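Asker:
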Amino acid sequence: MRVTVLDDLEQVALDAADWSRLGPDVEVVALAEHLGPDDLVAALAGSEVVVCMRERTPFPRDLVERLPDLRLLVTTGARNAALDLAACADAGVTVCGTAGGSPSVVEHAWALILAVARDVVGRAVSMRAGGWAPVPGTDLAGRTLGLVGLGRTGTRMAAIGRAFGMDVVAWSKNLTPERAEAAGARLVGRADLFGGSDVVSLHVVLSERTRRLVGAPELALMRPTAFLVNTSRGPVVDEEALVRACRERRIAGAALDVFDVEPLPAGHPLRTLDNVVLSPHQGYVTRDTFRTWYADVVEDVAAWRAGAPVRVLGG
654 MRVTVLDDLE QVALDAADWS RLGPDVEVVA LAEHLGPDDL VAALAGSEVV VCMRERTPFP
714 RDLVERLPDL RLLVTTGARN AALDLAACAD AGVTVCGTAG GSPSVVEHAW ALILAVARDV
774 VGRAVSMRAG GWAPVPGTDL AGRTLGLVGL GRTGTRMAAI GRAFGMDVVA WSKNLTPERA
834 EAAGARLVGR ADLFGGSDVV SLHVVLSERT RRLVGAPELA LMRPTAFLVN TSRGPVVDEE
894 ALVRACRERR IAGAALDVFD VEPLPAGHPL RTLDNVVLSP HQGYVTRDTF RTWYADVVED
954 VAAWRAGAPV RVLGG
């Protein structure tokens, strides 16, 4: 049986778990490059099991129907909006997940906040070029952190914001004052959050309800000294509107780990803005996270082979 691991860009998959647990009759292949649909179909010929890394490679219906050998699709994480679960069910493909989010995304969000507030990237580039040019940064203590979404990740963000001495406010469609208070935040209206926050950080699941949740109207409410941080999903933000707001200095800047199209095209205008900090969907990319996820993947494959699949997605 062949197991193919997709998008192993970091080249850690084979060492992150004990694949030998699956037995000597299982061949595990890890692909380090990102493949388009046609190349993907060719590469997956003969693979009964495919492992995908989050949303790096979508599996829409037309792709699933071109993979007749596929029987088990395992995604890292507890959900994956890029998989057509109905198409998989129609094709007789079982879909399984792994453990959910880890603190690494929260840690990365704060790395981005600090980077954009203190121009860490700009100062590092200047230093490497031989310069010594400090610039005034933005204090976080006494400022307001606005959290869009206050689930598990947002709650962790709130705790760290309070540790920095920030006033933490939050908004989401179904958030109540009691839930906000329990998480260490204060519920405010949507307009008040965007208009009154010094840092707006997004922590919502991508859905039709949250797609383009942050557009030109919300950005227009933000202060010219405020920053937008997105470690959620790219389509939550209207990317064109954000480029305009940053280019015209209508907000102080942005820090982004996620984008509409990933990998971010080489000529994308976001790459040209000096008040935007970018990272390549790095929030979950840690050794500890990979060890957890790939150990779960091995467990998923073993359980499926035994006829008792675990962590099945889509019922």
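Numbering (our numbering) for the sequence shown: 654 to 968.
Every residue gets a Cβ at the ideal spot worked out from N, C-alpha and C, and that includes glycine.
Predicted, not measured: the structure shown is a model, and the values here were computed from it.
Going by C-alpha to C-alpha distance, which of 767, 847, 723 and 677 sits closest to residue 792?
Answerer: The residue given as residue 792 occupies position 139 in the sequence shown. Cα-wise, what sits closest to residue 792 is 767.
Asker: Can you tell me which of 807, 953 and 922 puts its alpha carbon nearest to the alpha carbon of residue 969?
Answerer: No answer is possible for residue 969: it lies beyond the span of the chain, which begins at 654 and ends at 968.
Asker: According to the Cβ coordinates, are residue 749 and residue 951 closer than 8 angstroms?
Answerer: Numbered from 1 along the sequence shown, position 96 holds the residue referred to as residue 749. Numbered from 1 along the sequence shown, position 298 holds the residue referred to as residue 951. Not closer than 8 angstroms, so no.
Asker: Per the DSSP calculation, residue 970 is bridged to which residue(s)?
Answerer: In this structure the chain extends from 654 to 968, so residue 970 is not present and cannot be described.
Asker: Can you name the start and end residues of the beta strand (DSSP E) that residue 824 belongs to?
Answerer: Locating residue 824 in the sequence shown gives position 171, where the first residue counts as 1. 820-824 is the extent of the beta strand (DSSP E) around residue 824.
Asker: Could you pull out every residue in the same chain whose Cβ sits closer than 6 angstroms to the Cβ of residue 865, ignoring the five residues on either side in sequence?
Answerer: Position 212 of the sequence shown holds residue 865. Contacts found: 891.
Asker: Can you tell me whether residue 943 is helix, strand or coil according to DSSP?
Answerer: Position 290 of the sequence shown holds residue 943. Residue 943: helix per DSSP, three-state reduction.
Asker: Could you give the DSSP three-state label for residue 879: helix, strand or coil?
Answerer: Taking the first residue of the sequence shown as position 1, residue 879 is located at position 226. Three-state result, residue 879: coil.
Asker: Whole angstroms is fine: what's the gap from residue 902's alpha carbon to residue 878's?
Answerer: As a working mapping, residue 902 is identified with position 249 in the sequence shown. As a working mapping, residue 878 is identified with position 225 in the sequence shown. Distance between the alpha carbons of residue 902 and residue 878 is about 9 angstroms.
Asker: What separation, rounded to the nearest whole angstrom, lies between the Cα atoms of residue 786 and residue 927?
Answerer: Walking along the sequence shown from the start, residue 786 turns up at place 133. Walking along the sequence shown from the start, residue 927 turns up at place 274. Spanning the two alpha carbons is a distance of roughly 16 angstroms.
Asker: Would you tell me roughly how many angstroms separate the C-alpha atoms of residue 707 and residue 941, rounded to the nearest one?
Answerer: In the sequence shown, counting from the first residue as 1, residue 707 sits at position 54. In the sequence shown, counting from the first residue as 1, residue 941 sits at position 288. Taking the straight line from one Cα to the other gives about 16 angstroms.
Asker: From 658, 922, 913 and 857, pick the residue whose C-alpha is nearest to that of residue 684; which is it?
Answerer: Within the sequence shown, the letter at position 31 stands for residue 684. When each option's Cα is compared against that of residue 684, the closest is 658.
Asker: Looking at the structure shown, is residue 773 part of a helix, part of a strand, or coil, going by DSSP?
Answerer: Start at 1 with the first residue of the sequence shown, and residue 773 comes out as number 120. If DSSP states are grouped into helix, strand and coil, residue 773 belongs with the helices.
Asker: Whose CA, out of 723, 872, 961 and 916, lies closest to the CA of residue 656?
Answerer: For the purposes of this step, residue 656 is taken as residue 3 along the sequence shown, with counting starting at 1. Out of 723, 872, 961 and 916, 723 has the C-alpha closest to the C-alpha of residue 656.
Asker: Would you mind working out which of 687, 843 and 820 sits nearest residue 827, comparing C-alpha positions?
Answerer: Indexing the sequence shown from 1 puts residue 827 at position 174. Measuring from the Cα of residue 827, the nearest candidate turns out to be 843.
Asker: Quick one: what's residue 800 bridged to in DSSP?
Answerer: Start at 1 with the first residue of the sequence shown, and residue 800 comes out as number 147. According to DSSP, residue 800 bridges with 823 and 854.
Asker: Looking at the unbroken beta strand (DSSP E) that takes in residue 681, where does it start and where does it end?
Answerer: Indexing the sequence shown from 1 puts residue 681 at position 28. Note, residue 681: beta strand (DSSP E), 680-683.
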